[in-house]
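S.K.:
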Amino acid sequence: MTSPLGPQAAAPLDLASLLNTAHNQTALSGLSKILKLLAETAGAYGCILWRGADFPSDYLFALAQSFKGGETSDLHYISRKESATGAAVSSRQVRNVDVEREILVKSSDSFFTRANIKHFCPVPIQFPAGIDGALNFYRNVDKPFNEHELEIAKQVASLVPALYQIIRDRVGLNLMARVNDLLRESERASDPPLEIDEMKKVIDRLCNLIRDTFECLEVTVFLSDKFGSPEQYDRFATTWPATEEFPRNSYKQEENSLTGWVLLNAKSVRIFDLARFEDDKEELHKIYPGLTWQDSLTIKSAFRRIFNLKPTDVLPPLSYMAAPIVRGDHVRGVIRCCVALTGPFYFGGKEVEVLQLLASQIGYYWSNWLGRRGLQQENDWWRELVAEVTNLNGLVQEALSCEPPDEERVFKETLNTTRRVLKGADINDIRLLDEKARQLRFVAFDGKEWDQGTPAEIESRKNKRFNVDENPPTSAGAYVFQTGEVHVIHDVTKAEYYSLVFHATRRKIVAPIGIKNKLYGVLDIRGTGPDEFPRHAGVIAQLIGQQLGLYHYWAEALRELRKLDREQTQAFQDVEHQLKSPVNLAYNMINSFVRQDLSRLQLLLGDADTNQKLTSRFLVVRGLSRKARRVTKNMRLFAYLARNRPIPIKPRRLNAEVLMRILIEAAKDSTRMFGPNRNISFWAEPDGFELLNTLEVSADLDLIEHAVMNLLDNAGKYSFSETIVQITAEQVRKNQFCITVANIGLPIRSNEINLVVKRAWRSEKAAWTTGEGSGIGLWIVDHIMKAHNGELVVTPTTVDHLTEVRLIFGNK
Amino acid sequence: MKVLLVEDDYIQEDMITETLERTFTGIKVEKIRTEAEFYDGIDRIASKPPDVVVMDVMLRWTDPAPNMPTPPDKVQQEGYPRAGLRCADMLAKRDETKNIPVILFTVLNREDLELPKTNNSILYVSKESDLDELINRVRSASDTPRQRR
Chain A
0 MTSPLGPQAA APLDLASLLN TAHNQTALSG LSKILKLLAE TAGAYGCILW RGADFPSDYL
60 FALAQSFKGG ETSDLHYISR KESATGAAVS SRQVRNVDVE REILVKSSDS FFTRANIKHF
120 CPVPIQFPAG IDGALNFYRN VDKPFNEHEL EIAKQVASLV PALYQIIRDR VGLNLMARVN
180 DLLRESERAS DPPLEIDEMK KVIDRLCNLI RDTFECLEVT VFLSDKFGSP EQYDRFATTW
240 PATEEFPRNS YKQEENSLTG WVLLNAKSVR IFDLARFEDD KEELHKIYPG LTWQDSLTIK
300 SAFRRIFNLK PTDVLPPLSY MAAPIVRGDH VRGVIRCCVA LTGPFYFGGK EVEVLQLLAS
360 QIGYYWSNWL GRRGLQQEND WWRELVAEVT NLNGLVQEAL SCEPPDEERV FKETLNTTRR
420 VLKGADINDI RLLDEKARQL RFVAFDGKEW DQGTPAEIES RKNKRFNVDE NPPTSAGAYV
480 FQTGEVHVIH DVTKAEYYSL VFHATRRKIV APIGIKNKLY GVLDIRGTGP DEFPRHAGVI
540 AQLIGQQLGL YHYWAEALRE LRKLDREQTQ AFQDVEHQLK SPVNLAYNMI NSFVRQDLSR
600 LQLLLGDADT NQKLTSRFLV VRGLSRKARR VTKNMRLFAY LARNRPIPIK PRRLNAEVLM
660 RILIEAAKDS TRMFGPNRNI SFWAEPDGFE LLNTLEVSAD LDLIEHAVMN LLDNAGKYSF
720 SETIVQITAE QVRKNQFCIT VANIGLPIRS NEINLVVKRA WRSEKAAWTT GEGSGIGLWI
780 VDHIMKAHNG ELVVTPTTVD HLTEVRLIFG NK
Chain B
0 MKVLLVEDDY IQEDMITETL ERTFTGIKVE KIRTEAEFYD GIDRIASKPP DVVVMDVMLR
60 WTDPAPNMPT PPDKVQQEGY PRAGLRCADM LAKRDETKNI PVILFTVLNR EDLELPKTNN
120 SILYVSKESD LDELINRVRS ASDTPRQRR
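Put into structure tokens, the structure is as follows:
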């Protein structure tokens, strides 16, 4: 706005333009732009806006300035009593000051000299809240302000407080809106919650926004993520130049620093100029009791470097404001701004209000993030816990599958898991109950402290015992054992029930090991560090204690079951052993008699009917003893297989004649076992067996006979009446021998082929037609074949009710 | 005397029949070999009731055949170990046969059978004992007067 009357001559006042300019400012430096317009209107080279402090002070402070050509004044404050401006403010009269002649002007001041100021007119103005000030217009031409220009100067100066307020309001509102948008945007975009580094970037952007708006050097946010009374607040984000070391990275709630005072008192602070702190201390203490600041050459040197000032140059005002970041009753942190780079050089009350509102927004956002992150962390933590316990269960299953169950490993893995899932679980152990002595004794240990000290100390510690029945209990273990509830001791020095084992212990959790009403012992978890156990530590300890109870129960049950199994197997073996001898003897005696002596007896008796009856009777007896022998042998083989032991075989070359005779006798005896009503015949076809004379087939004859007998027994039980069960032999593949038992009877379907060899399986219809039988016959035959490296092959029954079962063995 | 012998093992049946025929002159032994056969013949038994029943307990339902009768639910649920008891129960539920002495001839222990205490017609002989004991039971059962309709 250049005056038509020439440079540095007053121009008409363009109020609309001024208002528009004020409304459009987005930063406080907009005040300097307004001053520029005002200086032009007043026909001045430049102007400085002076204001008094918020408290009684002998000084006026340069709030903002604007000079042509970017010139700046290094005059930041002047004495009210010893300056022309001060005189104008005191008298509330506009003055027209000739620099050369005015007594109160130090014309030798560097600014007057440098800028060649000839004249200036201080115009007194009134800021809100009764703070006085002045708008000084300067000329560097030898042309004093005339009456008209003074009048214009007065007019434009009177607009400054309002215009300044407009700028501050607009800037403040704009800043809050932008910060709000930034925080809401980042909240919307964060599911799951942002990682800490992402959070820092958001707060960084926020600090930059504030810096650009308030035109200050430093905006720093300190935060704590702890609830309650945090011990310290750490630097979270800052606009401090990266080229300079940051003065201090954390603060506590304390009174020996400005930022610490804000944290302690949860109250905002505004300091005009830190360089004047000592001078203004008395007044400052009326507003901020106990506030202190350590004036430091280091800080001032840093500022000089940052502003590129020589040691003799005047430092700009070190203005400071800080607001606590509060959420509910808790101080979460602090935000501070320091050193305005351009005017306004001093943070006003409005700026502090805006900073407080911003701090409130940050507090909300931060607490929200902490809550969501806490929830996320908790969810993650629970997921990890489930994974750990699942993994532990797998390891325990392995350990318990050993013979005997490896309970030591179970304890060790459980203590390892405890340490991993419970932060702060430093020294841990498991104690089990000695039932007889009614004492808890240590059985497993975790933590290097267990093995510290002399051997005697270590032994004494590990052998310590705790009575569970004492009343009242003197140890936490006894207490937990009596109540069955988990016990959390936050401070062992104040614990009612506690027995010292480690001096380093600061806190402890004791959880019962047991299930339902049965307790086996306790789990001890000791913390030695400064941090409390995590929030759900008691619940976790209880869970682990219950898991241990379950594991212990399983281990005991498995030991009992295996003992029972061993006893049963031994009983089986014993019975089998007792039966084997007499049964085999009876069979052999009968067999020998039938083969060798029966015919002689028949000759002696002579009577055909009697002979037939006798023969039949002896053959039945032989058949019965053959059956008893087969059942006894099944029991023995069952005992082997039930213990997962392979069937031992004694292979020798099979003789056709011997095998044939055994099978023919077996067939005859079997025929007699099922009676004339069923009329089932058993027939062993000799052809085929002669192959054994040329084919060298090795096998355990007793076991092959036994296998065939099992097949014949099945065939007899399930064959239809009036049918024939046939035993045949053939060569299969290159060197393998095959015995086939074929019958007409109950079907074996294709989907049952794999089931028939399973232990204890019988088809439904099979159960209708015979009461006896435990379903182990084919299972044993299958194992006999496997022991021979052979096969049991069952062919599904045909439409003609024919079923064939093959035993294939021999050299592959 | 007429004895109904319910026994599924042919060798046992043969031995018991021979022993009874040798001991009791003029004895008639009717044989039933499976539980299904008993169910089919109950009316016939009731129309011409025997003097004594010798009953095996663990009976199979039927012999293998292409079209076997399906056992009733109770038979399928309880299984063959209680077949003889079911047959004895059928006799007890009919007026014509409820007073006929039934001798349970079995390898099972008496305690395992859970015999009703109130039924005096049910007698027990173990297959582990000498056949003489069975003979004595048959003799005393046939000598004991019973109410006839």
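Read top to bottom, the protein sequences are chains A and B. Following numbering that gives the first Met the number 0, the numbering of the first sequence begins with 0 at its first residue and continues without gaps. Following numbering that gives the first Met the number 0, the numbering of the second sequence begins with 0 at its first residue and continues without gaps. All C-beta atoms, glycine included, are put in the ideal place defined by N, C-alpha and C.
So THR105/B contacts chain A; which residues on that side make the cut at Cβ distance below 7 Å?
M.R.: Those do not exist, as THR105/B stays about 11 Å from chain A at its closest Cβ, beyond 7 Å.
S.K.: Give me the chain A residues within the contact set of ALA64/B, using Cβ-Cβ distance strictly less than 8 Å, ordered along the chain.
M.R.: PHE719 and SER720
S.K.: Quick check on GLU555/A: does DSSP put it in helix, strand or coil?
M.R.: helix
S.K.: Would you check if the distance between the CB atom of TYR345/A and the CB atom of PHE276/A is smaller than 7 Å?
M.R.: No, the pair does not count as a contact, with Cβ atoms beyond the cut-off.
S.K.: Are there 16 or more other CB atoms within 10 angstroms of the CB of LEU603/A, so buried, or fewer, so exposed?
M.R.: Residue environment for LEU603/A: exposed (fewer than 16 other C-beta atoms within 10 angstroms of its C-beta).
S.K.: Could you work out which residue in SER157/A, TRP767/A and LEU208/A is closest to LEU172/A when comparing CA atoms only?
M.R.: LEU208/A
S.K.: Just to confirm the assignment: which complete alpha helix (DSSP H) runs, minimum length 4, are found wholly within the region 208-273 of chain A?
M.R.: 257-264
S.K.: Since LYS463/A and PHE441/A are thought to touch, with beta carbons under 8 Å apart, how far apart are those beta carbons, to the nearest angstrom?
M.R.: Rounded, the Cβ-Cβ distance is 7 Å, consistent with contact.
S.K.: Of all Cβ atoms in chain A, is any one closer than 7 Å to the Cβ of ARG59/B?
M.R.: yes
S.K.: State the beta-bridge partners of GLU729/A as determined by DSSP.
M.R.: GLU729/A has CYS737/A as its beta-bridge partners, per DSSP.
S.K.: Count the other C-beta atoms from every protein chain shown that fall within 10 angstroms of the C-beta of MET588/A, then say buried if there are 16 or more, exposed otherwise.
M.R.: exposed
S.K.: The region 658-677 of chain A: which residues have C-beta closer than 9 Å to a C-beta of chain B, in chain order?
M.R.: ARG671, MET672, PHE673, GLY674, PRO675, ASN676 and ARG677
S.K.: Put GLN569/A into one of helix, strand or coil per three-state DSSP.
M.R.: helix
S.K.: Please list, in chain order, the residues of the region 10-37 of chain B that have any C-beta partner in chain A closer than 7 Å.
M.R.: From the region 10-37 of chain B, only ILE10 and ARG32 have a Cβ closer than 7 Å to chain A.
S.K.: State the beta-bridge partners of THR105/B as determined by DSSP.
M.R.: SER125/B
S.K.: Return the CA-CA distance between MET175/A and THR212/A, expressed in angstroms with no decimal places.
M.R.: 10 Å
S.K.: To the nearest angstrom, how far is the alpha carbon of VAL333/A from that of LEU549/A?
M.R.: 51 Å
S.K.: Is VAL724/A helix, strand or coil when you go by DSSP?
M.R.: strand
S.K.: Name the residue from THR18/B, ASP88/B, LYS30/B and ILE26/B whose alpha carbon lies nearest to the alpha carbon of ASP129/B.
M.R.: THR18/B
S.K.: For the region 756-782 of chain A, enumerate the residues whose C-beta is nearer than 9 Å to any C-beta of chain B, in chain order.
M.R.: GLU763, LYS764, ALA765, ALA766, TRP767, THR768, THR769, GLY770 and GLU771
S.K.: Measuring CB to CB, does LEU112/B end up less than 7 Å from VAL53/B?
M.R.: no
S.K.: According to DSSP, is ALA133/A helix, strand or coil?
M.R.: strand
S.K.: Between ALA188/A and ASP73/A, what straight-line distance do the alpha-carbon atoms span, to the nearest angstrom?
M.R.: 47 Å
S.K.: Quick one: list the residues of chain B neighbouring LEU745/A, beta-carbon separation under 8 Å, in chain order.
M.R.: PRO63
S.K.: Could you name the residues of the same chain whose beta carbon sits closer than 7 Å to that of PRO48/B, not counting the 5 residues immediately before and after it, in chain order?
M.R.: GLU95, THR96 and ILE99
S.K.: Run through DSSP, which three-state label would GLU17/B get?
M.R.: Three-state DSSP puts GLU17/B in a helix.
S.K.: State the DSSP-derived secondary structure class of GLU790/A, mapped to helix, strand or coil.
M.R.: Here DSSP, grouped into helix, strand and coil, assigns GLU790/A to strand.
S.K.: Given 8 Å as the limit, is there contact between the region 193-200 of chain A and the region 322-331 of chain A, that is, 3 or more CB pairs closer than that?
M.R.: no
S.K.: Could you give the C-beta distance for GLU438/A and ASN470/A, rounded to a whole number, given that I count them as a contact under 8 Å?
M.R.: According to the sequence as given, residue 438/A is Gln; it is not Glu. With 8 Å as the limit, GLN438/A and ASN470/A do not qualify as a contact, their Cβ atoms being about 15 Å apart.
S.K.: Express the C-alpha separation of ARG109/B and HIS800/A in angstroms, rounding to a whole number.
M.R.: It is roughly 41 Å from the alpha-carbon of HIS800/A to the alpha-carbon of ARG109/B.
S.K.: Does any residue of chain B have a CB that is nearer than 7 Å to the CB of VAL619/A?
M.R.: yes
S.K.: Strictly below 9 Å CB to CB, what residues from chain A border MET67/B?
M.R.: LEU745, LYS764, TRP767 and THR768
S.K.: Excluding five sequence neighbours on each side, which residues of the same chain lie with their C-beta closer than 7 Å to the C-beta of ALA87/A?
M.R.: VAL93, ARG94, PRO121, PRO123 and ALA133
S.K.: Counting Cβ pairs, one atom from each stretch, are 3 or more of them under 8 Å apart for the region 348-355 of chain A and the region 366-383 of chain A?
M.R.: no
S.K.: Would you please state the rounded distance, in angstroms, between the beta carbons of ASP823/A and ILE166/A? I believe it to be under 8 Å.
M.R.: Here chain A has residues from 0 to 811 only, and residue 823/A is not among them.
S.K.: Would you mind reading off the limits of the alpha helix (DSSP H) that contains TRP381/A?
M.R.: Per DSSP, the unbroken alpha helix (DSSP H) holding TRP381/A starts and ends at 348-400.
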